[in-house]
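J.: Quick note on numbering: the sequence shown equals residues 1 to 161 in this note's numbering. Supplied in structure tokens, the structure appears directly below.
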Amino acid sequence: MKKTAHYAMAMLLVPWLSCTNHPVQNLANPPIEKGENAKMILPPVKDTLLKSGRKNIYLTGNRLQPGFFIERYIFPPGYKGMPHVHNSDLYVTIISGSAHIVMNKVFDTTEASMAYGPGSFVIIKADQPHYEWFTQECTMQVSGIGPNETYYLPENETKKP
1 MKKTAHYAMA MLLVPWLSCT NHPVQNLANP PIEKGENAKM ILPPVKDTLL KSGRKNIYLT
61 GNRLQPGFFI ERYIFPPGYK GMPHVHNSDL YVTIISGSAH IVMNKVFDTT EASMAYGPGS
121 FVIIKADQPH YEWFTQECTM QVSGIGPNET YYLPENETKK P
């Protein structure tokens, strides 16, 4: 009789426990402390830190190969990207900081320009001369369809007259 009572009790508890807020039930939705963010997960790829201080993070694809690619760049304050063009469109999103992106072939940081801040989205069309400079650290995400190459303009075309 005792064995049967324990068995009956277990049969009643199993469904009840499955309906309660048991930790096993909430693995997909763990509790998050107020103000806590999920950790950034990046794919295991080779990143590069250039002598200029710019860091390249290659998220997916390869801009020099056919197909879709996404890259993330971290530019240090004071970085200047001289006038250049690309052979296909680029889609730029500013994640943090700000960037001055000017659609012109004459490099001039004194020219009035808009600083694109976090959340800004800029399309740089193929063969559009442009340059950029940064007054603060900036994280920028760039995507497009490869092959996408960069061609710097001749110095005599990029100076103010």
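Using N, Cα and C, we set each Cβ at its ideal position, and we do this for glycine too.
DSSP beta-bridge partners for Met-140?
T.: According to DSSP, which records beta bridges pairwise, Met-140 is partnered with Tyr-73 and Ile-94.
J.: Please report the straight-line C-alpha distance between Val-59 and Val-142, rounded to a whole angstrom.
T.: With the sequence shown as reference, residue 59 is identified as Leu, and Val is not the correct amino acid for it. If you take the alpha carbons of Leu-59 and Val-142, they lie about 10 Å apart.
J.: Can you look up Thr-150 in the DSSP assignment and give me helix, strand or coil?
T.: Thr-150 falls in the strand class under three-state DSSP.
J.: DSSP on Asn-56, reduced to helix/strand/coil?
T.: Asn-56: strand per DSSP, three-state reduction.
J.: Once the 5 residues before and after Pro-66 are set aside, which same chain residues still bring their CB inside 7 Å of it?
T.: Only Gly-146 and Pro-147 meet the Cβ criterion.
J.: Provide the residue span of the alpha helix (DSSP H) that contains Glu-111, from first to last.
T.: Where Glu-111 is concerned, there is no enclosing alpha helix (DSSP H), given that its DSSP letter is neither H nor E.
J.: CA-CA distance, Cys-138 and Arg-63?
T.: In a straight line, the C-alpha of Cys-138 is about 21 Å away from that of Arg-63.
J.: Let me confirm a value: Phe-165 is counted as buried when at least 16 other C-beta atoms fall within 10 Å, else exposed. Which label applies?
T.: This structure leaves residue 165 out entirely; the chain is present only between 1 and 161.
J.: Which residue from Lys-80, Glu-149, Lys-105 and Asp-108 puts its Cα closest to that of Arg-54?
T.: The residue with the shortest Cα to Cα distance from Arg-54 is Lys-80.
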